[in-house]
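Asker:
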Amino acid sequence: MKIKEVLSVPGVLGVVIFSPKGELNDYKGDISEDQARMAAHMCYSNSSLMQMQGRLFADYSRQPEWKNFEGWAMLGPELGVYVKGDTACFLNREEASLNQVSEAVDSVARPLKP
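For the sequence shown, the residue numbers in numbering that gives the first Met the number 0 are 0 to 113.
#1: How is the alpha helix (DSSP H) around Asp25 delimited, first residue to last?
#2: According to the neighbour-count rule (16 or more other Cβ atoms, all chains shown, within 10 Å of its Cβ), is Lys83 buried or exposed?
#3: Roughly how many whole angstroms lie between the Cα atoms of Cys51 and Pro9?
#4: Under a three-way DSSP split, which group does Val15 fall into?
#5: In the DSSP assignment, find the unbroken alpha helix (DSSP H) run with Leu6 in it and report its ends.
#6: If you scan the region 67-110 from start to end, which runs of the alpha helix (DSSP H) of 4 or more residues do you find wholly inside it?
#7: Helix, strand or coil for Gln52 per DSSP?
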């Protein structure tokens, strides 16, 4: 599946691909380049924080599988974002199925390595 095909999933508003430094690599959808660039920085920052949280959970719980961070989701009342690796997908919660969105994003996302 390609980024364009992810956009065809019902409820998907935009897709952003970002670098391991948080720079915008590509985007598609009903968002401007400035919005996509800001989203790339924000999603990278949140992913970095989640990676740190995963390491802390692993250390405190003595369950090393927490270190296998792959992605995260944030859901608001109307909109949401699903992030895996280097790919962020913005969605309309009323129209999107998180299962369909995650399946589509999982097929294009690459691990985010520093």
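We put the beta carbon where it would ideally sit given N, CA and C, even for glycine.
Please read all numbers here as calculations on a predicted model, not as lab measurements.
Answerer: This is what the structure holds:
#1: Where Asp25 is concerned, there is no enclosing alpha helix (DSSP H), although the beta strand (DSSP E) it sits in stretches over 23-28.
#2: buried
#3: Looking at the sequence itself, residue 51 is Met, so the reference to Cys does not match. Approximately 32 Å between the Cα atoms of the pair.
#4: Reduced to three states, the DSSP call for Val15 is strand.
#5: 2-6
#6: 97-107
#7: helix
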